[in-house]
Every structure is written in C-alpha cells, then in structure tokens.
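**Student:**
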Amino acid sequence: MWLQRDISLRPRPRGFHLVTGEVLDAVPELGHVRVGLLHLLLQHTSASLTLNENASPDVRVDMETWVNAAVPEGFAWTHTLEGPDDMPAHVKSSLMGATLTLPLRDGRPVLGTWQGIYLCEHRDHGGPRTLTLTVNGDDA
Amino acid sequence: MWLQRDISLRPRPRGFHLVTGEVLDAVPELGHVRVGLLHLLLQHTSASLTLNENASPDVRVDMETWVNAAVPEGFAWTHTLEGPDDMPAHVKSSLMGATLTLPLRDGRPVLGTWQGIYLCEHRDHGGPRTLTLTVNGDDA
Amino acid sequence: MWLQRDISLRPRPRGFHLVTGEVLDAVPELGHVRVGLLHLLLQHTSASLTLNENASPDVRVDMETWVNAAVPEGFAWTHTLEGPDDMPAHVKSSLMGATLTLPLRDGRPVLGTWQGIYLCEHRDHGGPRTLTLTVNGDDA
Chain Z
1 MWLQRDISLR PRPRGFHLVT GEVLDAVPEL GHVRVGLLHL LLQHTSASLT LNENASPDVR
61 VDMETWVNAA VPEGFAWTHT LEGPDDMPAH VKSSLMGATL TLPLRDGRPV LGTWQGIYLC
121 EHRDHGGPRT LTLTVNGDDA
Chain G
141 MWLQRDISLR PRPRGFHLVT GEVLDAVPEL GHVRVGLLHL LLQHTSASLT LNENASPDVR
201 VDMETWVNAA VPEGFAWTHT LEGPDDMPAH VKSSLMGATL TLPLRDGRPV LGTWQGIYLC
261 EHRDHGGPRT LTLTVNGDDA
Chain P
281 MWLQRDISLR PRPRGFHLVT GEVLDAVPEL GHVRVGLLHL LLQHTSASLT LNENASPDVR
341 VDMETWVNAA VPEGFAWTHT LEGPDDMPAH VKSSLMGATL TLPLRDGRPV LGTWQGIYLC
401 EHRDHGGPRT LTLTVNGDDA
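Protein chains in written order, with my numbering: chain Z, 1 to 140; chain G, 141 to 280; chain P, 281 to 420.
1) Give me the Cα-Cα distance between P/M310 and P/I397, rounded to the nearest whole angstrom.
2) Around the Cβ of P/R340, are there at least 16 other Cβ atoms within 10 angstroms (buried) or fewer (exposed)?
3) Over the uninterrupted beta strand (DSSP E) stretch that includes P/S373, give me the two end residues.
4) Are the stretch 53-72 of chain Z and the stretch 22-29 of chain Z touching by the rule of at least three beta carbon pairs closer than 8 Å?
5) I want to see whether chain G comes within less than 9 Å of Z/S8, judged by CB atoms only; does it?
6) Against chain G, does P/L411 count as a neighbour if the rule is that its beta carbon must be under 9 Å from one of theirs?
7) Please classify G/G266 as buried or exposed, where buried requires at least 16 neighbouring CB atoms within 10 angstroms.
8) Taking only beta-carbon positions, decide if P/V371 is within less than 9 Å of chain G.
9) Within this structure, are the beta carbons of G/H172 and G/D264 separated by less than 9 Å?
10) Assuming P/L413 is part of the beta strand (DSSP E), what are its boundary residues?
11) Helix, strand or coil: how does DSSP classify P/P308 here?
12) Contact defined as beta carbons within less than 8 Å: I believe Z/L51 pairs with Z/L100. What is the distance between those atoms, to the nearest angstrom?
13) Would a check of beta-carbon distances place G/L191 closer than 9 Å to chain P?
14) With DSSP as the reference, identify every bridge partner of P/P383, one or two as the case may be.
15) How far does the beta strand (DSSP E) with G/A187 in it reach, from first residue to last?
16) Once the 5 residues before and after G/G176 are set aside, which same chain residues still bring their CB inside 7 Å of it?
17) According to a CB-to-CB cut-off of less than 7 Å, which residues of the stretch 252-266 of chain G neighbour chain A?
18) Is the CB-CB distance between Z/L3 and Z/L131 below 9 Å?
19) Taking Cβ-Cβ distances shorter than 9 Å, what residues in chain P pair up with G/G179?
20) Less than 9 Å between CB atoms is the rule here; does G/A210 satisfy it with respect to chain Z?
21) Please decide whether Z/A98 counts as near chain G, where near means a Cβ-Cβ distance under 9 Å.
22) Reducing DSSP to helix, strand and coil, say where G/W142 ends up.
23) DSSP on P/R340, reduced to helix/strand/coil?
24) Does Z/E73 come out as helix, strand or coil in the three-state DSSP assignment?
25) Below 7 Å on C-beta distance, what does P/S336 contact in chain G?
26) Given Z/D85, which residues of its chain have a CB within under 6 Å of its CB, disregarding the five upstream and five downstream residues?
27) Leaving out five residues before and five after Z/T77 in sequence, what residues of the same chain have Cβ atoms less than 7 Å from its Cβ?
28) Measure from the C-beta of P/W282 to each C-beta in chain G and report whether the shortest distance is under 9 Å.
29) Z/L95 and Z/A69: beta carbons closer than 9 Å?
30) Tell me the residue span of the beta strand (DSSP E) that contains Z/H125.
31) Does any CB atom of chain G fall closer than 9 Å to the CB of P/T300?
32) Alpha carbons only, please: which of P/K372, P/V307, P/W346 and P/T360 is nearest the one belonging to G/F215?
33) Kindly indicate if chain P contains any beta-carbon less than 9 Å away from that of Z/M63.
34) Just checking: is the beta-carbon of P/V303 within a distance shorter than 9 Å of some beta-carbon in chain G?
35) Just the chain G side, please: which residues come within less than 7 Å of Z/L95 by C-beta, in chain order?
36) So what does Z/G15 bridge to, in DSSP terms?
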C-alpha cells in the first residue's frame, strides 16, 4: 500500500520539540501495515527533523543551547535581510536534515525505547510547519 | 514500479550548488508516478547532498563560509596525505549526508516552495560526481 | 519483497567503526533483490550511522577528534546525570543521524568505491547496539 498526506504541525517556539504523537495520530492507517516504511519531509528550510531522546526535557534544552553556540547569529553572514535568526536557521536545517525515514512493523513505527521524533524549530516565529508523510508497506 | 539509474553530475567548484533541475531531468519516468519515493545516493565521501533554499544565492555562499569555519583545514588532522581539503571534506560529507529521500506525487517530487536539492562539493577539484537515483512508486 | 530484521551490533569503544560487513552478513536475502532499498535504523540516541571512507583508518580517528572538539564534554550542559559523555553523545547522534537508506542492485547495496557504513559510537561504554534492517525490493 501507498499513502501520502500533508499535515500542518502547530506553531512552536524556537527550540527542539517532541512531536511523535502529533505525527503518528495523523496517519492512523499505519495500523494496517505489517512491514513497511514511513517517510517524513518537512517542507521548510529553516526547521528540521531528527530522532533523539523522548524522556528528559533537559536534552531538548541542551540541543538548542549547543546548536546556537555552533551556528551563532553573530557570524560573518551575508544573507541577513530576513533577520538575524534566518541564516543560522538554514545551516541548522541542513545539519539536522529535513527528512526522516522510519521502519514500520505490525502497525507501528519501530523506534528504540528512548527515541522520539523531534521538530527542530530554528526560527523565532516559524509559524505552522507543513509535513508530508508517505507510507509504503505490506498490508497483507 | 522500480527504476534505478546512475548519473554523472558535472564538475562544480568547491561550495554549495543547486542541482534540482539536473537531477530531475535525468529521470523523466517520474512523470508516471502517482505516489512514491525518490532516493538519491551520492557515491562519494568528500561531497554531500542536502535540501535548502532555492532562491537567494547568498544562502549557498553562507553555507560554505560556515562549514569552512566549523571544519577548518587548520585542525589536528592526521589524514593529510590527500591534501588539506580532503579530511575536512570527509567530515562535512557526514555532517550533511550523502543520501536523500524525497516523496513523489502526481509525477513530481514534493518539495516546499523554497526547497531545492544541493550538491555540496567539499573538495577544491572534486570532478564529476556519480549519483544513484532509485524510484519506487505506484504508477497505476 | 519486504523483509525486516533486528540485529545486535557487537559492543565497540567510543569512536567511528566500519560495520559494512557485519550489517550485510545479517541479511543474506539481499542477494535476491534486483532493484530496491535497504533501510537502517539504529535504535539509540547516543550512537549514529553514516557513510564515509572505508579505506584509511586515519579518517575514522580524525572524525572522532573533530566531533569531540565540536561537541565537547566541557560545555554548558544541563543534562549531566548520565555522565559527561552522555549529552555530547545525544548531539552527535543527531548530527550524524540514526537512520540510513541505501540503494540495492543485483543483490548488493550500491556504494561508491570508497564508501562504507560507519557505526558512530558516542558513549564510552555503549554496549551492543540494536539495528533494524528493512529491505524493500523487486526480486522478480
């Protein structure tokens, strides 16, 4: 089976956010897939997706602190017209990546015990974010 | 349907380059896919692929400036036999990644308005780069 | 055909390790795939997967040196309960990524001459690591 759907993730402040539930709730048809893959594309260049710890919120705080230190607003940027948070957001988006593919098994994504899907919002006011979900699998 | 093809991307100078058109022109059969996935593997360890802004060329300039600052040639490298640009190129390749998967819909890749495919050339003289394209989709 | 299997990668010390052989030996059924995709998910948030040079071991040493400099243990981390190597490991895991998709052709993964699969072990004592392998392909 193939299934594809665009969803809108609600606006979030700059930082790293756990969105596993919001994503999976949008594709209940996953429940019929015996084995397959779920692909996620975030349709933006100033936000990103990654897998990381789903437990301690400190991890998400530290991810944000580190990425701001590694890709600072105070740098020799030439692309500054869209604000000081814009060009760093582009770099961070490529560092983390705007796509993610997860295995599916028995109607659920396969993830480690501590793994969750992060939306990494790199803009101060990114607004809602469009995510394209594609499911391919064996539903026999 | 499954389709797989190796293509050669023409040589580009060190930096970030928009290659969306060159890639898609190489797989016109995409036009028959109703829903599916397009996978890209760059067969190299000193260049990479990423999605980022397809509009302002400044973004591509700033990506290059940042990545050179983050992974400088002047560092405690031990692997220096192939030149000062070689080991930084390996690190940059893993930071950005040599693979990319995009959703397909109604004969075209799904991308955000501002998203394009970047070839990130991390060597001074990388030469042509081999890209393996794999299409899987429903062409019913 | 669809095939999915969890395997356990043997424990390795902190650093970058070539695991191409160990991974491929675990899915001999690949030999029947004419064209397809192999997806890898590492079920952990303190280790990662990447493609990089399969030849000189110096490259793997330098990758480790660089990533330790870029994501140092001595940083303003708040998440420190699990040891000084833990929070840097989370950041490194998202930088490299916990998933990888490779094309398959004529019973083998398509990789460049110099490309191999790296397990990036970011903990001092990470132990065995669980990897979920998913194969999708045309075995006609």
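In this text, a Cβ means the ideal position worked out from N, Cα and C, and glycines have one as well.
**Tutor:** On the basis of the data shown:
1) Before going further, note that residue 310 of chain P is Leu rather than Met in the sequence given. Straight-line Cα distance between these residues: approximately 16 Å.
2) buried
3) Premise fails: P/S373 lies in the alpha helix (DSSP H), D366 to M376, not in any beta strand (DSSP E).
4) no
5) By this cut-off, Z/S8 is not an interface position.
6) no
7) Burial call: buried.
8) no
9) no
10) R409 to D418
11) helix
12) 7 Å
13) no
14) P/L317
15) A187 to E193
16) L244, V275, N276, G277 and D278
17) This model lacks chain A altogether; the protein chains it does include are Z, G and P.
18) no
19) Checking the sequence shown, residue 179 of chain G turns out to be His, not Gly. L317, T381, L382 and P383, listed in chain order.
20) yes
21) yes
22) strand
23) helix
24) coil
25) H219
26) R123 and D124
27) According to the sequence provided, residue 77 of chain Z is Trp. The question's Thr does not apply to it. Only M87 meet the Cβ criterion.
28) no
29) A distance of 9 Å or more separates the beta carbons of Z/L95 and Z/A69.
30) That residue, Z/H125, is in no beta strand (DSSP E); it is neither H nor E in DSSP.
31) Chain G contact via Cβ: absent.
32) P/W346
33) yes
34) No, because no Cβ of chain G sits closer than 9 Å to the Cβ of P/V303.
35) L235
36) Z/E121
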